[in-house]
Amino acid sequence: MRKGIDSTFLHYGVRREDMALIEQSCQDSGIDAEWLKENLLKPYNEERNNQNVVEEKKLAKIVKKALKNL
17 MRKGIDSTFL
27 HYGVRREDMA
37 LIEQSCQDSG
47 IDAEWLKENL
57 LKPYNEERNN
67 QNVVEEKKLA
77 KIVKKALKNL
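Each residue of the sequence shown is one higher than the one before, counting from 17 in our numbering.
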């Protein structure tokens with residue numbers, strides 16, 4: 017088992033093992049995993065870190081902004 021800081025968790029709030037599953041699911045669905053990480057997971061994690069909870073309205077804004085970047 018790797019020791020040290022899990023950078024995937026720090027950047028996206030998702031454990032390395034879970035990110036591997038997300039990336040595989042993205043590939044299977046034809047979605048760019050990097051797009052998902054940078055445009056959805058990262059802003060969501062930042063908001064959660066700032067506010068401890070992400071309200072539905074804020075989540076909708078994050079998703080809407082991400083979809084504009086497609």
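For glycine and all other residues, C-beta sits at the position ideal for the given N, C-alpha and C.
Pick from the options that is closest to residue i, judged by C-alpha positions
| i | options | result |
| --- | --- | --- |
| Leu57 | Ser45, Asp34 and Asp44 | Asp34 |
| Lys88 | Pro59, Asn68, Arg32 and Asn66 | Since the first and last residues shown for the chain are 17 and 86, residue 88 lies out of range. |
| Val79 | Ser41, Leu52, Ile38 and Asn65 | Leu52 |
| Phe94 | Val69, Leu83, Asn65 and Ile47 | What is shown of the chain runs 17 to 86, which leaves residue 94 out entirely. |
9 Å Cβ cutoff met for residue i and residue j
| i | j | result |
| --- | --- | --- |
| Asn61 | Gly20 | no |
| Gln67 | Lys74 | yes |
Whole-number beta carbon distance between residue j and residue i, since they are thought to touch under 8 Å
| i | j | result |
| --- | --- | --- |
| Cys42 | Ala49 | 4 Å |
| Asp22 | Arg31 | 6 Å |
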